[in-house]
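Undergrad: To start, I am sharing the structure in question, which I have written as structure tokens.
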Amino acid sequence: MTSLTIESIYTDGACTGNPGPGGWGAVVYYDDGSVHEMGDSCPQTTNNRMEMQAAIAALQFFEASGQSYPITLYTDSEYLINCVTKWVKSWKKKGWKKADGKPVQNQDLLEILDELNSRKVRWEHVRGHAGNVGNERCDTIARAFATGKGLSLKQQGDIDSTIALGIKKELNVAKVSENKGHSTIINDDTFAVDTLVTEITMVDASINSNNHHENVPCEVRVTQLRNLMDTLRIADEIAEKGYLITSSELADLMDVHASAVTSRGDEWRWRNWIVSRVRREGNQILWELERGDKVKEEAE
28 MTSLTIESIY TDGACTGNPG PGGWGAVVYY DDGSVHEMGD SCPQTTNNRM
78 EMQAAIAALQ FFEASGQSYP ITLYTDSEYL INCVTKWVKS WKKKGWKKAD
128 GKPVQNQDLL EILDELNSRK VRWEHVRGHA GNVGNERCDT IARAFATGKG
178 LSLKQQGDID STIALGIKKE LNVAKVSENK GHSTIINDDT FAVDTLVTEI
228 TMVDASINSN NHHENVPCEV RVTQLRNLMD TLRIADEIAE KGYLITSSEL
278 ADLMDVHASA VTSRGDEWRW RNWIVSRVRR EGNQILWELE RGDKVKEEAE
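In the numbering used here, the protein residues as written are 28 to 327.
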């Protein structure tokens, strides 16, 4: 079985009323482009507490994975980053008192964060509501939980997403007391199962994907092949007409997360095409597709 590597985690919190009903969301991105989403709610809380609880859930998930490879944790809360990376050391020395002698707010969550934080975690601020895919998805999850709306979460492997929404397994729940009500933090280590490969690949198919392929009904496999052919035709037309596409558009074409595109470098191969980075326009990177067999013919 192939062990996936966590590359990055995005977190976000939301609160209606502040204080009021709140929710948090976290999205884990793996090196193969797959994702694992988490989220939960609290009846009475604050926005800062939800930001912290999202980060706690992310770090608990990372710790449970046993991964030694470092990750980047992205959040749009500068308050959270400053608390964890700067202020907490001074607060601990002063007995959890601020410079004015007043008690530090959210000490209970800060103590958990401080214990979970390590050199393997790189904290990175991302501007909220700026079109960042990971941040926007976390915001959607957090707001859905805060407002009590239904939401389907993507889980690693073929796990029913309703598990994350409706089932609270006692062995995987850590409760944090608050002044009003309580919050629940899901520790999703039991969801850490090997991802089942559902994409029909043309080469380098693994044993696991072959087994999964055999269990899929014939008519479903035919539909998947037709969808694949449509994708390949689109890619061929983009290459033939010299269109430039953004990272998010290319990720949609490849059916992966945008980070799986930008992390591959300036030039790489995808199926029959050589993908090259052309330039950056604003916050977007533009890519060009070129048929690999044509490049080979020209070289000869």
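Note that CB positions come from ideal geometry on N, CA and C, so glycine has one too.
The structure displayed is predicted, hence computed values, not measured ones.
Pull the bridge partners of H152 from the DSSP assignment, please.
TA: The partner list for H152 (beta bridge, DSSP) reads T102.
Undergrad: What span of residues does the beta strand (DSSP E) with C42 cover, start to end?
TA: First-last of the beta strand (DSSP E) with C42: 33 to 42.
Undergrad: For V62 and G122, what's the separation of their Cα atoms in angstroms?
TA: Cα to Cα, the separation comes out at about 39 Å.
Undergrad: Determine, using beta carbons only, whether S104 and H152 come nearer to each other than 9 Å.
TA: Yes. Within cutoff.
Undergrad: What whole-angstrom Cβ distance do G66 and L180 have, given they're in contact under 8 Å?
TA: Between L180 and G66 the Cβ distance is about 6 Å, and since that is below 8 Å, they are a contact.
Undergrad: Would you say S274 and I301 are within 9 Å of each other, going by their C-beta atoms?
TA: Result no, Cβ atoms of S274 and I301 do not sit closer than 9 Å.
Undergrad: Which residues in the same chain as D320 place their Cβ atom closer than 8 Å to its Cβ, once the five residues preceding and following it in sequence are excluded?
TA: Cβ within range, chain order: N299.
Undergrad: CB-CB under 6 Å to R306, same chain, minus the five flanking residues each way: which ones, in chain order?
TA: These residues qualify, in order along the chain: L313.
Undergrad: From what residue to what residue does the alpha helix (DSSP H) around T174 run?
TA: It spans 160 to 174 - the alpha helix (DSSP H) in which T174 sits, taken as one unbroken run.
Undergrad: Hey, quick one: how far does the alpha helix (DSSP H) through A278 stretch, first residue to last?
TA: Run containing A278: 274 to 281, per the alpha helix (DSSP H) assignment.
Undergrad: By the DSSP assignment, the beta strand (DSSP E) with D67 in it spans what residues?
TA: Counting along the chain, the beta strand (DSSP E) containing D67 begins and ends at 62 to 72.
Undergrad: Would you say A85 touches the ligand GDP, meaning its beta carbon is less than 8 Å from a heavy atom?
TA: Inclusion of the ligand GDP in the displayed structure is not the case, the ligand content being empty and no account of it being possible.
Undergrad: Given a cut-off of 9 Å on the beta-carbon distance, is the pair G161 and V247 in contact?
TA: Contact: no.
Undergrad: Please report the distance separating the alpha-carbon of C69 from that of G60.
TA: In a straight line, the C-alpha of C69 is about 30 Å away from that of G60.
Undergrad: Would you call the region 73 to 82 and the region 115 to 130 touching, i.e. three or more CB-CB distances under 8 Å?
TA: These segments do not touch.
Undergrad: Reducing DSSP to helix, strand and coil, say where K120 ends up.
TA: It is helical.
Undergrad: Taking all protein chains shown into account, decide if S92 is buried (16 or more other Cβ within 10 angstroms of its Cβ) or exposed.
TA: When all chains shown are included, S92 counts as buried.
Undergrad: Would you tell me roughly how many angstroms separate the C-alpha atoms of V148 and Q182, rounded to the nearest one?
TA: Each residue's Cα considered, the two are about 22 Å apart.
Undergrad: Could you give the residue range of the beta strand (DSSP E) that holds Q311?
TA: Here the beta strand (DSSP E) through Q311 covers 311 to 318.
Undergrad: Measuring alpha carbon to alpha carbon, tell me which residue in S303, T73, P48 is nearest G175.
TA: For G175, the nearest C-alpha among the options comes from P48.
Undergrad: For a quick check, are the C-beta atoms of V115 and L137 less than 9 Å apart?
TA: In this structure, L137 lies closer than 9 Å to V115 by Cβ.
Undergrad: Using DSSP with H/G/I as helix, E/B as strand and the rest coil, what is S303?
TA: S303 falls in the strand class under three-state DSSP.
Undergrad: Along the alpha helix (DSSP H) that carries Q134, what are the first and last residues, could you check?
TA: Where Q134 is concerned, the enclosing alpha helix (DSSP H) stretches over 134 to 143.
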